[in-house]
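Visitor:
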Amino acid sequence: MDNRVTEKSKNSGPKSKTEKPVGRQSGHVIQMQKASTSKTPPPPDPKYTQAVQNYEAGLKAMQEHKFDKAKGLLEKVLAGSSRELADRARVHLNTCNQQLSRGATSFKTLGEHYDYAVSLINGGQFDQARDHMEKILKQNPKADFAYYGLALLDCLTNRSEDCLRNLNDAIKLNSSNRFQARNDPDFKNMADDPRFTELLYPEVPPEPGR
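If you read the sequence shown in the working numbering, its first letter stands for residue 4, the second for the next number, and so on.
Written as structure tokens, this is what we have:
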């Protein structure tokens, strides 16, 4: 009886004291090693992010044929620190410069320039058409047809105050614009505005003595 108890205690006692603590310690060490080796990725460079945004916005402006706007955005990319983006932007910037120089010299007369601007209006490219109308006025501030074109654009883009002002300038420079506007369906958005009606159909003052 005594020998059995002694052997049992010898076989079971030391194992329970040594195995469990070692298991816990080794697992804790592995977890600590994993925690120490994991690294947080560095935050993105805000300057590079801005350069990418300018580059993408410049490409979008080029697709919309807004080469002036695209040029400004791409020039900002060139001033940045990313050589790869700068190289790409430089190629597109050359295209913008070519388009801008071509647009400035391709019209022999202001009438041709105006016809081109009207074609842009018909194509729904209102911002670009406005730029060309304003360029015509820079060349000739008395170009009544350019004021008329701006009035059309203002009407189509729901800018009633600007429409009335530009149409009034067009009529002052050339009274025939009043009669043209009366039959122009592009002014239908202004038809219910009493100021527009008054501008096109002014009251005739009575003759003296009547």
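Where is the CB? At the ideal position from N, CA and C, for every residue including glycine.
What is the DSSP secondary structure of E206, counted as helix, strand or coil?
Guide: For the purposes of this step, residue 206 is taken as the residue at position 203 of the sequence shown. DSSP places E206 in coil when its eight states are reduced to three.
Visitor: Following the continuous alpha helix (DSSP H) through N52, name the residue where it begins and the one where it ends.
Guide: Taking the first residue of the sequence shown as 1, we reach residue 52 at position 49. Rather than Asn, the amino acid found at residue 52 in this sequence is Thr. First-last of the alpha helix (DSSP H) with T52: 49-66.
Visitor: Cutting at 6 Å between CB atoms, please list the residues of its own chain near G61, excluding the five before and the five after it.
Guide: In the sequence shown, residue 61 corresponds to position 58, counting from 1. Same-chain partners within the cutoff: A73, L76, L77.
Visitor: Could you check the C-alpha separation between N70 and D189 for me, to the nearest Å?
Guide: Numbered from its first residue, the sequence shown carries residue 70 at position 67. Numbered from its first residue, the sequence shown carries residue 189 at position 186. The question names Asn, but residue 70 in the sequence shown is Phe. Distance between the alpha carbons of F70 and D189 is about 27 Å.
Visitor: Since L156 contacts F129 with CB under 8 Å, what's their CB separation in whole angstroms?
Guide: To locate residue 156, count along the sequence shown from 1; it is residue 153. To locate residue 129, count along the sequence shown from 1; it is residue 126. Contact holds; Cβ gap of about 6 Å.
Visitor: Thinking C-alpha only, which one of H135, C99, R181 is nearest Q66?
Guide: Taking the sequence shown and counting its residues from 1, the one referred to as residue 66 is at position 63. Q66 has its Cα closest to that of C99, out of H135, C99, R181.
Visitor: Check whether the region 144-151 touches the region 160-178, taking contact to mean three or more Cβ pairs, one atom from each stretch, closer than 8 Å.
Guide: At 8 Å Cβ cutoff, the stretches touch.
Visitor: Go ahead and pull the three-state DSSP assignment for L89.
Guide: Here residue 89 corresponds to residue number 86 of the sequence shown, with the count starting at 1. The sequence given here places Ala at residue 89; Leu does not occur at that position. Helix at A89.
Visitor: Check the Cβ-Cβ distances between L123 and every residue of chain C, and say whether any is below 7 Å.
Guide: Looking at the structure shown, chain C is missing, and only one protein chain is on hand.
Visitor: Quick one, which of K79, L159, C166 has its alpha-carbon nearest N125's?
Guide: Sequence index remark: in the sequence shown, residue 125 carries index 122 (1-based). The shortest Cα separation from N125 among K79, L159, C166 belongs to L159.
Visitor: Keeping to the same chain, check which residues put their C-beta closer than 8 Å to that of R133; ignore five residues upstream and five downstream.
Guide: For this step, residue 133 is matched to residue 130 along the sequence shown. Here the set comprises L153, L156.
Visitor: G83 and A64: beta carbons closer than 7 Å?
Guide: In the sequence shown, the residue the question calls residue 83 occupies position 80. In the sequence shown, the residue the question calls residue 64 occupies position 61. Not a contact, by the Cβ cut-off of 7 Å.
Visitor: Considering only residues of the same chain and omitting the five flanking positions on each side of N169, which have a CB-CB separation below 7 Å?
Guide: The residue you call residue 169 lines up with position 166 of the sequence shown. The answer, listed in chain order, is Y150, L153, A154, D157.
Visitor: Whole alpha helix (DSSP H) runs in the region 126-159 with 4 or more residues, listed along the chain?
Guide: Those alpha helix (DSSP H) runs which fall completely within the region 126-159 and span 4+ residues are 129-142, 147-159.
Visitor: Can you list, in chain order, the residues of its chain with a C-beta nearer than 7 Å to that of D196? Leave out the 5 residues immediately preceding and following it.
Guide: The sequence position of residue 196 within the sequence shown is 193, counting from 1. Excluding positions up to five away in sequence, the list reads S163.
Visitor: Ends of the alpha helix (DSSP H) at G83?
Guide: For this step, residue 83 is matched to residue 80 along the sequence shown. That residue, G83, is in no alpha helix (DSSP H); it is neither H nor E in DSSP.
Visitor: Smallest Cα separation from V80: which of N161, Y58, M193?
Guide: As a first step, residue 80 must be located in the sequence shown, where it is residue number 77. Closest option to V80, Cα to Cα, is Y58.
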